[in-house]
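Enquirer: Submitted below is the structure of interest, expressed as structure tokens.
Number of protein chains: 2
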Amino acid sequence: MARATKTAHTPLDFMQRAIQLARRGAGFVQSNPMVGSILVNRQGKIVAESYHARFGGPHAERRILERAGRCLGGTLYVTLEPCGHTGKTPPCLDLILKSGVKKVVIGTLDPNPITHGKSVRALRRAGLTVDVGIAQADCDYLIRAFRKWITTQQPFVLAKVGMSLDGKITSAGAYHYITNQLALQRVHQLRQEMDIIMVGANTIIQDNPRLNTRLAQTRLHHPIKVILDSRLRTPPHSKALDERSIVVCLDSAPYYRKQALAKTGAEILIVPPNRQRGKMLFEQLNLSVVLAELGARGYTSILVEGGSYVFTTFINQQAIDEFYIFLAPRLFGAARLPITYALQYDVNFSHPVFEQLGDNMLIRGYVSYHKTR
Amino acid sequence: MARATKTAHTPLDFMQRAIQLARRGAGFVQSNPMVGSILVNRQGKIVAESYHARFGGPHAERRILERAGRCLGGTLYVTLEPCGHTGKTPPCLDLILKSGVKKVVIGTLDPNPITHGKSVRALRRAGLTVDVGIAQADCDYLIRAFRKWITTQQPFVLAKVGMSLDGKITSAGAYHYITNQLALQRVHQLRQEMDIIMVGANTIIQDNPRLNTRLAQTRLHHPIKVILDSRLRTPPHSKALDERSIVVCLDSAPYYRKQALAKTGAEILIVPPNRQRGKMLFEQLNLSVVLAELGARGYTSILVEGGSYVFTTFINQQAIDEFYIFLAPRLFGAARLPITYALQYDVNFSHPVFEQLGDNMLIRGYVSYHKTR
Numbered sequence: 000m001a002r003a004t005k006t007a008h009t010p011l012d013f014m015q016r017a018i019q020l021a022r023r024g025a026g027f028v029q030s031n032p033m034v035g036s037i038l039v040n041r042q043g044k045i046v047a048e049s050y051h052a053r054f055g056g057p058h059a060e061r062r063i064l065e066r067a068g069r070c071l072g073g074t075l076y077v078t079l080e081p082c083g084h085t086g087k088t089p090p091c092l093d094l095i096l097k098s099g100v101k102k103v104v105i106g107t108l109d110p111n112p113i114t115h116g117k118s119v120r121a122l123r124r125a126g127l128t129v130d131v132g133i134a135q136a137d138c139d140y141l142i143r144a145f146r147k148w149i150t151t152q153q154p155f156v157l158a159k160v161g162m163s164l165d166g167k168i169t170s171a172g173a174y175h176y177i178t179n180q181l182a183l184q185r186v187h188q189l190r191q192e193m194d195i196i197m198v199g200a201n202t203i204i205q206d207n208p209r210l211n212t213r214l215a216q217t218r219l220h221h222p223i224k225v226i227l228d229s230r231l232r233t234p235p236h237s238k239a240l241d242e243r244s245i246v247v248c249l250d251s252a253p254y255y256r257k258q259a260l261a262k263t264g265a266e267i268l269i270v271p272p273n274r275q276r277g278k279m280l281f282e283q284l285n286l287s288v289v290l291a292e293l294g295a296r297g298y299t300s301i302l303v304e305g306g307s308y309v310f311t312t313f314i315n316q317q318a319i320d321e322f323y324i325f326l327a328p329r330l331f332g333a334a335r336l337p338i339t340y341a342l343q344y345d346v347n348f349s350h351p352v353f354e355q356l357g358d359n360m361l362i363r364g365y366v367s368y369h370k371t372r
Numbered sequence: 000m001a002r003a004t005k006t007a008h009t010p011l012d013f014m015q016r017a018i019q020l021a022r023r024g025a026g027f028v029q030s031n032p033m034v035g036s037i038l039v040n041r042q043g044k045i046v047a048e049s050y051h052a053r054f055g056g057p058h059a060e061r062r063i064l065e066r067a068g069r070c071l072g073g074t075l076y077v078t079l080e081p082c083g084h085t086g087k088t089p090p091c092l093d094l095i096l097k098s099g100v101k102k103v104v105i106g107t108l109d110p111n112p113i114t115h116g117k118s119v120r121a122l123r124r125a126g127l128t129v130d131v132g133i134a135q136a137d138c139d140y141l142i143r144a145f146r147k148w149i150t151t152q153q154p155f156v157l158a159k160v161g162m163s164l165d166g167k168i169t170s171a172g173a174y175h176y177i178t179n180q181l182a183l184q185r186v187h188q189l190r191q192e193m194d195i196i197m198v199g200a201n202t203i204i205q206d207n208p209r210l211n212t213r214l215a216q217t218r219l220h221h222p223i224k225v226i227l228d229s230r231l232r233t234p235p236h237s238k239a240l241d242e243r244s245i246v247v248c249l250d251s252a253p254y255y256r257k258q259a260l261a262k263t264g265a266e267i268l269i270v271p272p273n274r275q276r277g278k279m280l281f282e283q284l285n286l287s288v289v290l291a292e293l294g295a296r297g298y299t300s301i302l303v304e305g306g307s308y309v310f311t312t313f314i315n316q317q318a319i320d321e322f323y324i325f326l327a328p329r330l331f332g333a334a335r336l337p338i339t340y341a342l343q344y345d346v347n348f349s350h351p352v353f354e355q356l357g358d359n360m361l362i363r364g365y366v367s368y369h370k371t372r
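Protein sequence lines, in the order shown, are assigned to chains W and E.
Read in numbering that gives the first Met the number 0, the first sequence has 277 at position 278, and its numbers run on one by one without any break.
Read in numbering that gives the first Met the number 0, the second sequence has 164 at position 165, and its numbers run on one by one without any break.
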């Protein structure tokens, strides 16, 4: 493609800039959505930029309009439809109407069915020009977790796995990383964005990871840690256990283990087992209940980091929304640990995105489930 | 990247054109290498193009110089060092010296250790300017099969597999294609280039494929078919069997099966079993012997199309040089047929190349083997 020349920016350029800004709120705004906004004057110059920076703090539009003061005849770009209701903060709609901007360009409508489209109608009634749907796919992707949570009260589930080309998640040296440094950095960017990091008890027992975010930036967000552990096999001295962790188990887990783990400050969350066709799968947690419980606590997104048993359980309960698969260019053969055991569903990526990361490959996308024959 | 403007072509452009031409010989020149050549006059205009079109026919340089007549002061581009010896045809070197060209640009040197660099020295002694190594990696890739065959007398082995992201080569519908149409087309382009297509007896028994080349072009090359079949389980009525096929078996295969299969016109090639640490693996063919036998017949390249048992055998005998792995964005789980069974070696790609083919991904590259612990 030809290099962009230094001519006037297009609405798409402005919206992409607003998306960039929005992403700076990653890890700090939930259970609000990430939102970015810019103000462009009549000469087509950006006069102010802003983003929603922390939950409970001012919204992106408010921050920008307060800074810019009155901007007669300008255009406001915002990745998400502005709010028209009083929540933690007063509605942005009023501020826009008072600001003097003549046009509002919106990435995507508010996914909340109660408020969806209302602000657009109010702005138009007030005589402003409103464009909706600029860079819509990217703006939708930005709020995919919020969208699921606000419409289903369950968190969005992103499963991340690093594996060989033949789907093996451990190498001969068992706990070496299979994938490269670029892949590792992407994983920590995911942790920075997600409310919850979730692993199975086997990962805790074998690797004893901290499950924190390690990135070369000062403003770090560490997701809370959720350990799936039907029988409470997690050792109480595990590094991941603290006041910001939840251990999910069955009621049948030994009482003395519940007591020992509760002392670490971790919450013990008891859920029922999974039932299929009336048959109880005693060892398997009911993930619908797990997701509902976490959603009720205001968590909008979960990063599931495996291993095999956890991925198998999630797929068999159709509970993963999006996959991030990091592939290392290797073959390990059938003697190593696979990404999943036998599945009741085939998993298909609807519109996979491929990104080359040095000699590794990231394949990511939403997935659908198809009953195996 | 900026679009190439319509200025003078660079030597790299000329050599890439010569590589393009060379590839037109794919499937018809073996056991010679593919070679492409162009002649550029003093004004920097291409005045003739040529390629080696069929084994035993004139070489690329001869065809071009015969067509162009004398080209005083021009430059000859050729992907491979011109021959200086009389083989099936008289040496090209003499023709170049007589042609009037002042400069020769060569992609890569003759891999044959006996003639390597000799023509370059002869051209320089005669006062011509010679540049070597323009687009060398691409010119080397063009002759990778010839290079291996001329230096080891064994054919180059390219393994092709289409699979899910978790390394499964069959879907629930068993004999559906897992990968997409673009991947299938690439497979048939591979068949067009390779001397031999090789499969295991299981593939013949289960799928009964024709193993021919299906491409929308008139000049098709069909590789000869080699079936690896220790115990000669291949049914005599299989579509792949004819005078252009070889069935490889152990001496222990039943005599009546040998007779039945020989009647189809296929050659029955008997090889010893594989030995490891003195222990004979009775069912497993000794692939070194297979490759030596096929190399001795003048075949320079083999396309191995699996299944699981064949890939496992090839990897455990470190016999694959290059992999083409076509990935479909799906997960099938552990209950489906894997690309390999347990391996004695990890397989690492040295410099993997990633190509997106719609929603499929091709990962290709040379591989190295590392003993598993």
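In this text, a Cβ means the ideal position worked out from N, Cα and C, and glycines have one as well.
In this text, all values refer to a predicted model and were calculated from it rather than measured experimentally.
Check the DSSP bridge columns for A47(W) and list the partner residues they point to.
Expert: A47(W) is bridged to L38(W).
Enquirer: For S349(W), count the other beta carbons within 10 Å of its own beta carbon; 16 or more makes it buried, fewer makes it exposed. Which is it?
Expert: Exposed, since its Cβ has fewer than 16 Cβ neighbours within 10 Å.
Enquirer: In whole angstroms, what separates the C-alpha of P154(E) from that of E192(E)?
Expert: Cα to Cα, P154(E) sits roughly 13 Å from E192(E).
Enquirer: Does any C-beta atom of chain W lie closer than 9 Å to the C-beta of P351(E)?
Expert: For P351(E), the answer is yes, since a Cβ of chain W falls inside 9 Å of its Cβ.
Enquirer: What residues of chain W sit near A333(E), judged by a beta carbon separation below 7 Å?
Expert: Correct list: P337, T339, Y340, A341.
Enquirer: What residues from chain E crowd round N347(W), counting only those whose CB sits closer than 8 Å?
Expert: P328, R329
Enquirer: With distances taken Cα to Cα, identify the nearest neighbour of D130(W) among K159(W), P81(W), P208(W), Q188(W).
Expert: The shortest Cα separation from D130(W) among K159(W), P81(W), P208(W), Q188(W) belongs to P81(W).
Enquirer: Check whether the Cβ atoms of H221(W) and R243(W) sit closer than 9 Å, and answer yes or no.
Expert: yes
Enquirer: Which residues, in order along the stretch 350-369 of chain E, keep a beta-carbon less than 7 Å from a beta-carbon of chain W?
Expert: P351, F353, Q355, D358, M360, I362, G364
Enquirer: For T178(E), decide whether its Cβ has a neighbour in chain W, counting only Cβ atoms nearer than 9 Å.
Expert: no
Enquirer: Verify the CB distance criterion: does G132(E) have a CB-CB separation below 9 Å to chain W?
Expert: Judged by the 9 Å Cβ criterion, G132(E) is not in contact with chain W.
Enquirer: Should E99(E) and G73(E) be called a contact, given that it needs their Cβ atoms to be closer than 9 Å?
Expert: The question names Glu, but residue 99(E) is Gly in the sequence shown. In this structure, G73(E) lies closer than 9 Å to G99(E) by Cβ.
Enquirer: Are L45(W) and R22(W) close, meaning C-beta to C-beta below 9 Å?
Expert: The sequence as given places Ile at residue 45(W); Leu does not occur at that position. Not a contact, by the Cβ cut-off of 9 Å.
Enquirer: Counting only beta-carbon separations shorter than 9 Å, does L302(E) have a partner in chain W?
Expert: No, L302(E) does not count as interfacial toward chain W.
Enquirer: For a contact defined as C-beta to C-beta under 7 Å, what are the partners of L164(E) on chain W?
Expert: Per Cβ cutoff of 7 Å: G166, I324, I362.
Enquirer: The alpha helix (DSSP H) with M14(E) in it runs from where to where?
Expert: 10-21
Enquirer: Using 9 Å as the limit for Cβ to Cβ distance, is A3(W) near chain E?
Expert: Only weak support exists for where A3(W) lies, its pLDDT of 42 falling under 50; the coordinates are left without a value.
Enquirer: Specify whether the stretch 120-139 of chain E and the stretch 158-171 of chain E touch according to this definition: at least 3 beta carbon pairs, one from each stretch, less than 8 Å apart.
Expert: Segment contact: the stretch 120-139 of chain E against the stretch 158-171 of chain E, fewer than three CB-CB distances shorter than 8 Å; contact not assigned.
Enquirer: Quick check: is the beta carbon of T371(E) nearer than 9 Å to any beta carbon in chain A?
Expert: In summary, chain A is missing from the structure at hand, where the protein chains are W and E.
Enquirer: For C138(E) versus G106(E), is the C-beta distance shorter than 9 Å?
Expert: yes
Enquirer: So, helix, strand or coil for T74(E), using DSSP?
Expert: strand
Enquirer: Give a yes or no on whether the minimum CB-CB distance between T169(W) and chain E is below 9 Å.
Expert: no
Enquirer: Assign H187(E) to one of three DSSP states: helix, strand, or coil.
Expert: helix
Enquirer: Considering only the alpha carbon of each residue, which of H58(E), A47(E), D93(E) lies closest to L75(E)?
Expert: A47(E)
Enquirer: Measuring only between beta-carbons, confirm whether T312(E) sits less than 9 Å from chain W.
Expert: Taking Cβ atoms only, chain W never reaches closer than 9 Å to T312(E), which makes this a no.
Enquirer: Taking only the alpha-carbon atoms, compute the straight-line gap between T311(E) and L286(E) and give it to the nearest angstrom.
Expert: Pairing T311(E) with L286(E), the inter-Cα distance amounts to about 12 Å.
Enquirer: If I measure Cβ to Cβ from R53(E) and keep anything under 7 Å in the same chain, skipping five residues before and after, which residues do I get?
Expert: F27, V28
Enquirer: So, with DSSP's three-state summary, where would you put N31(E)?
Expert: coil
Enquirer: Within the stretch 232-283 of chain W, note down every full alpha helix (DSSP H) run reaching 4 residues or more, in order along the chain.
Expert: 254-261
Enquirer: Leaving out five residues before and five after P271(W) in sequence, what residues of the same chain have Cβ atoms less than 7 Å from its Cβ?
Expert: Around P271(W): N285, V288.
Enquirer: Output yes or no for whether 9 Å exceeds the beta carbon distance between F325(E) and M360(W).
Expert: no
Enquirer: Under a three-way DSSP split, which group does D137(E) fall into?
Expert: helix
Enquirer: Tell me which same chain residues have a C-beta within less than 7 Å of the C-beta of L342(E), skipping the five on either side of it?
Expert: Correct list, in chain order: T311, I314, N315, T371.
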